[in-house]
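Reviewing the structure listed below.
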Amino acid sequence: MNIPNILYKYTSSDTARIMLNSGRLRWSSPLLFNDLAEFQRMPRFEPSLDESLTKFPHVLLQAALGELVVREVELSNGSRLLLEMIRMLLKSGMDREKLTNELSHEASGADDRMSSVLRAAFDSLDLNTARVFCLTTEYDNDVMWAHYAEQHTGVVLGFKHLPQLDTQFLAARPVSYSVEPPIVGSGVEFLLYGDTAELRKKTLDAVCFIKSLRWQYENEWRVVTWRPEETGKYHGDYKFYPEELESICFGPRCDLSLYEEFRSMLSSRYPRCALYKLEYEFGESRRIAIR
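Heads up: the sequence shown at position 17 corresponds to 17 in UniProt numbering, and the numbers run straight through without jumps.
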């Protein structure tokens with residue numbers, strides 16, 4: 001995955017001042033985010049579990065007859081036992097139609113139960129110990145300036161990742177957006193192979209890195225970590241290298257006195273950081289270097 005050379009953080013001037021003076025970035029729990037559905041949308045199977053429970057006996061029967069190839073060494077214990085039983089019944093002379101009828105049963109509510117199980121499992125991770133740092137790919141997003149940078153009076157911090165220092169932004173990943181809850185696999189595959197490591201990873205990724213389509217304007221990238229030792233609070237402040245700070249862009253409504261204050265701070269602590277101001281002319285924005 002190619003990470004953008006520069007990722008941007010929209011923030012207020014007060015928060016930027018704290019970050020730059022302390023040399024630490026504030027990572028927040030998703031429980032503090034604007035999106036109340038953050039880390040709450042559980043993924044789903046397609047076909048659904050209800051549909052797959054109806055198909056499952058036919059799948060096992062086809063596997064027993066050699067009409068369908070399954071990865072037998074990876075089957076869950078329950079599926080393996082069922083497959084062996086079906087083979088024994090076929091050898092005993094039971095015909096296919098009768099065997100299918102014996103194995104078939106009505107299924108309903110399985111998807112709701114699975115969603116509840118997933119939610120309980122995820123809640124057990126304790127979301128207040130999740131730490132997320134949110135960034136974006138653009139420094140001139142009008143809506144982001146309004147929502148996250150105090151109505152254009154704040155700043156945008158530009159950060160670059162430094163492979164030679166194995167910096168935190170190397171772990172940044174793009175957020176995807178969807179109307180429906182994300183699909184993490186087939187219900188039939190789940191019934192065959194159970195709760196695999198691959199399925200758990202897909203589920204975690206879906207919960208942490210897929211949001212509702214209404215947030216697509218953010219073009220978000222994020223870094224996610226867990227700090228189980230930090231219970232009882234909803235954020236953590238973690239150090240960053242001065243070299244990671246590539247630029248600061250002041251909002252078009254930013255107080256002019258802020259320029260000199262930040263310029264003085266940067267010259268001694270962040271000498272490689274460039275200074276810009278976002279300006280508007282005839283309804284179009286442009287970023288101007290400040291000398």
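Beta carbons: idealized from backbone N, C-alpha and C, even for Gly.
Where residue i sits in the DSSP three-state scheme
i           : result
residue 283 : coil
residue 170 : helix
residue 237 : strand
residue 259 : helix
residue 137 : coil
residue 99  : helix
residue 289 : strand
residue 250 : strand
residue 39  : coil
residue 3   : coil
residue 69  : coil
residue 269 : helix
residue 120 : helix
residue 274 : strand
residue 230 : coil
residue 150 : coil
residue 75  : coil
residue 191 : helix
residue 126 : coil
residue 15  : helix
residue 88  : helix
residue 22  : helix
Residue i, buried or exposed, once every other Cβ within 10 Å from all chains shown has been counted against 16
i           : result
residue 131 : buried
residue 189 : buried
residue 271 : exposed
residue 201 : exposed
residue 282 : exposed
residue 73  : exposed
residue 163 : exposed
residue 65  : exposed
residue 21  : exposed
residue 93  : exposed
residue 121 : exposed
residue 158 : buried
residue 38  : buried
residue 141 : buried
residue 111 : buried
residue 294 : The first residue shown for the chain is 1 and the last is 291, placing residue 294 beyond what the model contains.
residue 197 : exposed
Short Cβ contact (8 Å threshold) for residue i with residue j
i           : j           : result
residue 139 : residue 287 : yes
residue 86  : residue 68  : no
residue 167 : residue 227 : no
residue 135 : residue 266 : no
residue 274 : residue 243 : no
residue 210 : residue 176 : yes
residue 3   : residue 172 : yes
residue 133 : residue 222 : yes
residue 213 : residue 249 : no
residue 204 : residue 13  : no
residue 224 : residue 43  : no
residue 83  : residue 60  : yes
residue 144 : residue 10  : yes
residue 5   : residue 160 : yes
residue 25  : residue 57  : no
residue 170 : residue 241 : no
Short CB-CB distance (under 8 Å) between residue i and chain D
i           : result
residue 219 : In the displayed structure, chain D is absent; only one protein chain is listed.
Residues bridged to residue i (per DSSP)
i           : result
residue 176 : 210
residue 158 : 8, 247
residue 45  : 185
residue 224 : 132
residue 28  : 132, 235
Residue i: CB within 7 Å of a non-hydrogen atom of the ligand MG
i          : result
residue 11 : Ligands in the displayed structure: none, and consequently the ligand MG is not present.
Between the region 51 to 66 and the region 23 to 33, are three or more C-beta pairs nearer than 8 Å?
-> no
Specify whether the region 232 to 240 and the region 170 to 182 touch according to this definition: at least 3 beta carbon pairs, one from each stretch, less than 8 Å apart.
-> no
Is it true that the region 113 to 127 meets the region 212 to 221, where meeting means three or more beta-carbon pairs spaced less than 8 Å apart?
-> no
Decide if the region 249 to 260 is in contact with the region 148 to 156; the criterion is three or more beta carbon pairs, one per stretch, under 8 Å apart.
-> yes
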